[in-house]
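One structure is given here, and the rest of the page talks about it.
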Amino acid sequence: MKFTTPAGTNPIDQGKIVGKPTPRIEGPLKTTGTARYAYEHRDIVTNPAYGYVVGSAIAKGRITGIDLRDAKAAPGVLAIVTADNAGKLGKGSFNTANLLGGPDIEHYHQAVALVVAETFEQARAAAALVRVDYAREKAAYDLAASVDSAVKAGGNNAKVGDFDGAFAASPVQFDQKYTTPDHAHAMMEPHASIAAWNGDKLQLWTSNQMIAWGQGDVAKTLGIPKENVRLISPFIGGGFGGKLFVRADAILAALGAKAVGRAVKVALPRPLMFNNTTHRPATIQRIRIGTGQDGRISAIAHEEWCGDLPGGGGENSVAQTRLLYAGANRLIGQKLAVLNLPEANAMRAPGEAPGMMALEIAMDEMAEKLGLDPIEFRALNDTQVDPEKPERPFSQRRLIECMRTGADRFGWAERNARPGQVRDGRWLVGIGMAAAFRNNINMKSAARVRLGANGVVTVETDMTDIGTGTYTIVAQTAAEMMGVPLDKVVVKLGDSSFPISAGSGGQWGANSATAGVYAACVKLREAVAQKLGFNSDDAVFAGGKVRAGKRSVPLADAAKTGEIVAEDVMEYGDLGRKFQQSTFGAHFVEVGVDAATAEIRIRRMLAVCAAGRILNPVSARSQVIGAMTMGAGAALMEELAVDKRFGFFVNHDLAGYEVPVHADIPHQEVIFLDETDPTTSPMKAKGVGELGICGVGAAVANAIYNATGVRVRDYPVTLDKLLEGMPEYA
Amino acid sequence: MHGPADFELSRRGVLIGGAASVAATAAAPSAEAQAAASAGAGTPVMASVTLKVNGKAHALELDTRTTLLDALREHLLLGGTKKGCDHGQCGACTVIVDGRRINSCLSLAVMHEGDAITTVEGLGTPEKLHPMQAAFVKHDGYQCGYCTPGQICSAVAVLDEIRAGIPSHVTGDIAGKPAMSADEIRERMSGNICRCGAYSNIVEAISEVAARRKA
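Spelled out as C-alpha cells, the structure:
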C-alpha cells in the first residue's frame, strides 16, 4: 500500500482498542523472568561454548605480536579467534570502525580476540592470559583542541537571508557557547549473541533494534549471502540507539562458532561496553540570536563542532534550529574533527537531544535579556511554516498550546522570574521550562497477518520491541482492524524470516510499524470478505464477526478450510516533503538546590506532548517519562570522562558513568494533547519516544538558574560548577 | 611467615602474571607469583553444592569460580535473574537469599550450600502473578524488561525491610520505625538501575502493594 494522500476515515478511527490505555501484552513474561533475551535461549541451544572478548589496550596503533600460548593451553579452551585466523572480514555498512581489530587498532577496547572455552569461567580466565604487544601511534582525543582542524560535514549546513548583516543590525544580540559531553547508552542488557551454524547457514540470537540492517551487515562482514543469515531478537533489554547496529558480540560469536563447530554465546562484559561500542559524541555549540526590542528574532545561528573516527559523522545538534523558531536570517553549520576515541554514533534523539540542551538555555537567556517571560518569548517566535521554505507548512504544530497547558498545570504563573529568591528551608527552589521538539520520520514497513481457524489473528514482522511497547500497539492495530478482542491476537516480532519492518530507531517505529500492520490487515480483510462472499467495501469487522447489511458471519469461518495469510508493505509518497511533520512538547521542572552545598534535587517534572494519535497512552507515557529520566541524567550527571593522553573513556562502568537512580527521580507527569495527524499514515500517529528527551535537560538547567542565579553552560550541571556563584548562605 | 617485603614482591609478581599485554620479560615473577598465576588459569577446582532454589533442591558440581548468578542462569537455566554488569553496580541480578536481597553476581554459588534462594521465577508465573508482579504490569513499571526481575525481587524484600524496622539513609529517626513512604522506597530501590527510566511507575507499583498489605 502506498500512502500518498492524507488519510480519511478508516477503521483505526473507531478507537475501540487503538488509543485505549492498554497494559503490555508481554507484561506477564517480563515480570516473571520468562521473556527470553539474547543470551538466554538455552531451551533451543542446549550445549553452547562460551566466548570472552579481549579488548585493545591502546586507542590507535598496531598490534606487533600476540602470544596465545598460555591462553590456548588453559583448561577448557577450544579456540581463540583473532584477525590472524578469522579470514577476510568486511565492514558493515552501518559501522565506522571494524568490529575485530588487528593488526591496525582504531580505538580503545576494540575487540582483538575472542577466547572460546567450555565454560564462562574458563573463557574469562584464559582471556586474561592473551598477551598482546602494541605499537602506539600519536592520535587526537581532545575535541576542544581539535576545533581548528574540524571541517564542514553533515547534512545541516544552511544559510537563509543575510545572517551576519541582520545580527549586526539587531538591537538585542546574544552570543554564547555551550558544551555537552560524550554520553553512553548504558542499556541494562549488555550486547549479547548466541551463534549457531548449520552448514553454511548462520543463526544468531542477538539483541538488535534493526533486524534487516543487522542481517545485511552480518552477511557483509562475514562475506556470506544475506539469505544465509537469520537474526532472532524477540526481546531486547534496551538499546537507545546502541543496538541499531551489529556489534562485536554478534560477529565474534559467529566466528567462534565456526571455529569450534558448536554454538557459541558471547556477551560484552559491562566494563568493555563503553569503549568497545558506540556513544553519543561530545559537542561544542555556538548560538547567536538577534532580535528587535520587541523580542522578534531577526537572526539566528547555531553551529556545532564535533569529533569522530575517520569516516564517521557528527551529532547534528543544530538540526532543530532549522525548524523550531521563526527568523528571516539564518545560519546553520556543523564541523567535524577526526578524533580517535571510540566510534560516535546515534543515541536517543541524535542531534536534538544535545542540541535542545543548548538552544533552550539560549532561549531562556535571551528571554531574560529581553525582559520577556520565557514562554511568551517562544510563543512570539512560533512559526507555522518551515522557516527555510515558507511555502512548506507544518502538518500540525501546537507548541504554544503545549507550553500554555503545561504552564497552567505546573503553576508557572507563581514562578519568580528573578533568580535566587525562593527558599524552602535549606533549599533554594527554582522552576524552569523548555520547548520539546523532534521530527517525525516515516519508514517503509511490512507485516504478514494470518487468520487461523480458531479465529486467532497472528502478526509477523521483523519489527522489534526495545521497551517501546511494540508488541501491544501491533496487537491493538490488528485487533482494531480485524474486529477481534486483544486476546485473539498473537504478535511475533524480531525475526529476519518475517517481513521487513521499519525497525526501532529515530522514534519512527510506532507509526511506521503499525502502518505496515494496517496495510497487511487491509489485505487480510479483503481476502476474508471475498472468502465469505462479502463486498469488501461494505464489510464491517467487529465483535469477532464480519457484517454487511443483515448478514453476519463469524470471522473464524473464513479460515475454516485453511489459514488465510496476507502480507503487505506500507510505503510513503511525498507528504513528508510537502508538510514538515514534527512532534512538539513543553517540559517543566522544579528543582531544589541546597543553599550550602549546592546539591541539586529534582522535585517535580511535567511534560506536555503533541505527537499525533497516541496509540497506547500507557506505553507512550512510559516512553516519555523514561526519556525525561535520561534527560535528567544528561542534565545532572552523565559524562564520559575522556583520558586525553591515551584516548579512552575512563569511567567505563555503571559506577563511574552515573545514570539516574530511583532516588534521583520524583513522580513524573505527562499530558498528551488530543490530536491526530492525517498526513503521517492511516494510523495518524507520530513518534514520541525521543520527543521526551528533547529539551528536558535545558528545563533542568533553567530551573537551576532560576533557583540560584548561576548559569552553567557546560553539561552536566554539577554542584562544583555552582558553588562559586551561589548566593550568600544565610 | 611472610614479611612486608615478601608481600610487596608477591603482589607485584601477581600483577605481572595476571595482566594482559604487559611485557612478561620485564621482571621474572617470583615462584609464589607463578603459583598464584597458574592457579588462576589452572584446572578448575570443582565443588559440590546444593542450592535450594524456589523451594526445590538442586545438587550441582560447580567450578568454584561460578557466581550464584551464573549457577542460576547457566546451570539451572533460570534466565529470569539477569546479568547487567556482573559486578554489583546495577541490581539486575537481585535475588532473595534466606529472606534478604543480594546481588547474586557478587556471591559465589558455593557459598550458598543449603540456602533458600528465591528468584523472580519463584515469586509467580505468567498465569499466577505475585501481587508485586501484577502491580508492575498494572503500573507499567518497566519498559525493556531487563532490570524488571531484579526490581521485583528487590521490591518484595524492601517492603519486608521497612516492616522489620531496618532504617535507611532517609529515615529521619533511626531508632524509630521507618515510614512506608515513597522516599523510603526510592532510597532503598536505588541499587536497582532502570535505564529505560520507569522509576516513577515502579514506585507507584511498589506503593500500591505496600498500601494493600498494610490494610
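Residue numbers (the working numbering), protein chains in the order written: chain Z, 1347 to 2076; chain P, 4 to 218.
We put the beta carbon where it would ideally sit given N, CA and C, even for glycine.
- Taking 8 Å as the CB threshold, G58/P stays off the interface with chain Z.
- Residues of the region 191-206 of chain P with a C-beta atom less than 9 Å from some C-beta of chain Z are R191, M192, S193, G194, N195, I196, C197, R198, C199, G200, A201, Y202, S203, N204, I205, V206, listed in chain order.
- In the DSSP assignment, D1479/Z is bridged to G1411/Z.
- Between the region 1535-1553 of chain Z and the region 1600-1609 of chain Z, the count of Cβ pairs shorter than 8 Å is three or higher; the stretches touch.
- Among the CB atoms of chain P, none fall inside 8 Å of the CB of L1961/Z.
- From the beta-carbon of R189/P, the residues of chain Z found nearer than 9 Å are V2007, H2008, A2009, D2010, I2011, P2012.
- Straight across, the Cα-Cα distance linking N204/P with G194/P is about 16 Å.
- The three-state reading of DSSP puts N1786/Z in coil, since its state is none of H, G, I, E or B.
- The Cβ-Cβ distance between G1407/Z and I1451/Z falls below 8 Å.
- Using a Cβ-Cβ distance cut-off of 8 Å, the region 1362-1371 of chain Z and the region 1432-1440 of chain Z are not in contact, since fewer than three pairs of beta carbons, one from each stretch, lie closer than that value.
- Contact with chain P is found for D1999/Z, since one of that chain's Cβ atoms lies less than 8 Å from the residue's Cβ.
- Taking every protein chain shown into account, the CB of S1495/Z has fewer than 16 other CB atoms within 10 angstroms, so this residue is exposed.
- Taking every protein chain shown into account, the CB of N1800/Z has fewer than 16 other CB atoms within 10 angstroms, so this residue is exposed.
- L1446/Z is the residue among Q1853/Z, L1446/Z, T1552/Z whose C-alpha sits nearest the C-alpha of T1428/Z.
- According to DSSP, V1497/Z shares a beta bridge with L1682/Z.
- The Cβ atoms of V1915/Z and G1862/Z sit closer than 8 Å to each other.
- Secondary structure note for C1955/Z: its beta strand (DSSP E) is the uninterrupted segment 1946-1956.
- Contact check between the region 84-96 of chain P and the region 1610-1630 of chain Z: three or more CB pairs, one atom from each, fall below 8 Å, which counts as touching.
- Nearest neighbour of Y1385/Z by Cα position, chosen from H1537/Z, Q1360/Z, A1894/Z, A1683/Z, turns out to be H1537/Z.
- Look at the region 147-166 of chain P: the residues with a C-beta under 8 Å from a C-beta of chain Z are C147, G148, Y149, C150, T151, P152, I155.
- For Y1918/Z, the secondary structure class from DSSP, reduced to helix, strand or coil, is strand.
- Secondary structure of F1934/Z (DSSP, three-state): strand.
- In this structure, T67/P is the residue among L81/P, T67/P, K55/P with its C-alpha nearest to the C-alpha of M49/P.
- Taking a Cβ-Cβ threshold of 9 Å, the residues of chain P close to F1581/Z are C147, G148, Y149, in chain order.
- Leaving aside the five residues that flank V1996/Z on each side, the residues in its chain whose CB is nearer than 6 Å to its CB run, in chain order, A1987, D1989.
- By the Cβ rule, the region 2054-2068 of chain Z counts as touching the region 1514-1533 of chain Z, because three or more pairs are nearer than 8 Å.
- Using beta-carbon distances, T121/P does not count as an interface residue toward chain Z, since no partner is under 8 Å.
- For T53/P, the nearest beta carbon of chain Z is not closer than 8 Å to its own beta carbon.
- For T84/P, the closest Cβ of chain Z is nearer than 8 Å.
- CA-to-CA, the gap between H115/P and T53/P works out to about 8 Å.
- Here the alpha carbons of R103/P and I1678/Z stand approximately 57 Å from one another.
- Straight-line spacing of the CA atoms in A1481/Z and K1547/Z works out to 38 Å.
- Going by C-alpha positions, M1533/Z is about 17 Å away from R1382/Z.
- In the same chain as A2049/Z, and ignoring 5 residues on each side of it, the C-beta atoms closer than 7 Å to its own belong to G1776, I1777, G1778, V1935, E1936, V1937, in chain order.
- Interface annotation, T174/P: not in contact with chain Z, CB-CB separation never under 8 Å.
- For L1774/Z, the closest Cβ of chain P is not nearer than 8 Å.
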